[in-house]
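Going left to right, the sequence shown walks through residues 540 to 911 as this note's numbering numbers them. Backbone N, C-alpha and C define an ideal beta-carbon position, used for all residues, glycine too. Here's the structure we're looking at; comments come further down.
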Amino acid sequence: MPPVIEDSRLLPILEKVEAGERLSFQDGLTLYRTNDLLALGYMANLVRERRHGNVTYFNVNRHINPTDVCVASCRLCAFGKRAKDPRAYTMSLEQVWETAGRGWTEAVTEFHIVGGLHPELTLDWYCEMLRGLKQRFPQVHLKAFTMVEIAYLAQRERISVRETLERLMEAGVDSLPGGGAEIFSERVRRIICDHKIDGQQWLDVARTAHRLGLRSNCTMLYGHIETDEDRVDHLLKLRALQDETGGFVAFIPLAFHPANTALRHLPTTTGFQDIKNIAVSRLLLDNIAHVKAYWVMMTPRIAQIAQRFGADDIDGTVVEERIYHDAGATTAQSLRRSELLRLIREAGREPVERDTLYRPVARTETTVTVLV
Ligand code: V47
């Protein structure tokens, strides 16, 4: 049963959604400008249930951030530090491998590895790190390095992005996380992350990765100084690249956390904005299979509600998240598998444990098998 649509501007969009038609830039703006959240949720949930039925995915993963030293000083970031900063850290290879194994259980299927743009860490160093991880944890999927890190490494080594990716793949990278995309608008990037590659370069690295057969995620950072137009533009650029390559696995809308950043005067996002971004992205990104409500960033409470507003994934156990916690996140640094199961079941969804590429994982007390 469709809900009462209070905002009549949504009626033609509802017709398109029901017919499975692609939404336009203008539709995207209308979706962002309505406050009829229940109608948005109804439409996003329709699309979500068409694709995934009643299932919500999660995984058992660990984050590893080998260094927070970063040559870029992005205003949006509280994680990156200058090399001389006494609070900065860089792990040795042994420390990376030791971190990966800390609290190790056979249940872990993914390491999510990202860090700062370190001026001295070489591609060889990263390759050795990956080889060491593969040797010690051969069954674990390595989702490592954002497009921004890849572009920086290529520039630092004076080789192409393609060659950089090939060497990382040879050493063990299995897929790329979606970070660093922020908002593609040049005007906004100049203010929030002026030292980073531009939006076009981010898309170019993703395109090259996908052409080499690497899958990746994609993200959008919202809730800072961007406009509705900037967000719609960002989502449609991701959709256009996905039409071309089909390489994106999941989209993750990321709420800006201002604490401890140069933009700390900005307010934090509200639950209404968080849920709206989940719903609008589900509706505009008709060719990206999964929309993830990342609980670390949204809080488990909102991530749970998001499962009824377009999201089909809640991310994973995470373990030792730093980027958001440096920016003032008050959520836990990890959730147990049993807690994820409870959140999902309480939202009336059926939890399915997945690997990074969304293959279901079968688990017994002692073994983990990726089905298919
Ligand atoms: O790249 C940095 C963003 C990203 C802040 O691919 C900030 O599965 C908010 O990309 N406030 C890292 N956001 C997180 C990320 C991610 C998370 C979970 C899953 C996946 C995936 C990717 O966080 C950064 C940047 O876009 N970020 N600082 C901040 N103060």
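Cβ distance (whole Å) where residue i is taken to contact residue j below 8 Å
| i | j | result |
| --- | --- | --- |
| LYS776 | LEU802 | The Cβ separation is near 23 Å, so there is no contact. |
| LYS682 | GLU633 | Not a contact, Cβ separation roughly 22 Å. |
| GLY867 | ALA798 | 3 Å |
| VAL608 | ALA622 | 5 Å |
| THR606 | HIS657 | 5 Å |
| TYR628 | ASP767 | Going by Cβ atoms, the distance from TYR628 to ASP767 rounds to 39 Å, so no, they are not a contact pair. |
| MET686 | ALA745 | 6 Å |
Local Cβ density within 10 Å of residue i, reported as buried at 16 or more and exposed below that
| i | result |
| --- | --- |
| GLY785 | exposed |
| LEU577 | exposed |
| VAL830 | buried |
| SER699 | exposed |
| VAL543 | exposed |
| PRO551 | exposed |
| GLY655 | buried |
| SER714 | buried |
| SER724 | buried |
| ARG750 | exposed |
| ALA901 | exposed |
| HIS804 | exposed |
| GLU560 | exposed |
| SER504 | Past the edges of the chain, shown from 540 to 911, lies residue 504, and the structure says nothing about it. |
| ALA748 | buried |
| GLU904 | Bear in mind that a pLDDT of 48 at GLU904, under 50, signals an unreliable position, so the number given afterwards is only what the model happens to contain. Classification of GLU904: exposed, given that the 10 Å Cβ count is below 16. |
| ARG898 | exposed |
| ASP733 | exposed |
| ASP663 | exposed |
| PRO677 | exposed |
| GLU659 | exposed |
Option nearest residue i by Cα separation, candidates the options
| i | options | result |
| --- | --- | --- |
| THR856 | GLY642, LEU656 and ARG614 | GLY642 |
| ILE841 | ALA794, PRO716 and THR747 | ALA794 |
| ASN584 | ARG821, ARG572 and MET630 | ARG821 |
| CYS666 | ASP852, THR569, TRP636 and GLY640 | TRP636 |
| ASP813 | GLN846, ARG706, ILE827 and GLN674 | GLN846 |
| GLN781 | LEU824, THR569 and LYS815 | LEU824 |
| GLY640 | MET686, ILE652, TYR596 and LEU672 | LEU672 |
| LEU915 | THR809, PRO806, GLU705 and GLY738 | There is no way to answer for residue 915, as the model of the chain reaches only from 540 to 911. |
Host alpha helix (DSSP H) of residue i (start-end)
| i | result |
| --- | --- |
| HIS773 | 767-784 |
| ALA748 | 738-750 |
| ASN574 | Unbroken run through ASN574: none, as it is neither H nor E. |
| ALA842 | 834-845 |
Cβ-Cβ distance between residue i and residue j below 8 Å
| i | j | result |
| --- | --- | --- |
| THR869 | HIS680 | no |
| VAL647 | VAL891 | no |
| PHE684 | ILE862 | no |
| GLU983 | LEU615 | No answer is possible for residue 983: it lies beyond the span of the chain, which begins at 540 and ends at 911. |
| PHE848 | GLY580 | yes |
| ARG548 | THR569 | yes |
Ligand 3 heavy atom lying under 7 Å from the CB of residue i
| i | result |
| --- | --- |
| THR808 | The model on display carries ligand 1 but not ligand 3. |
Span of the beta strand (DSSP E) around residue i
| i | result |
| --- | --- |
| ASP813 | Careful: ASP813 lies outside any beta strand (DSSP E), inside the alpha helix (DSSP H) at 810-823. |
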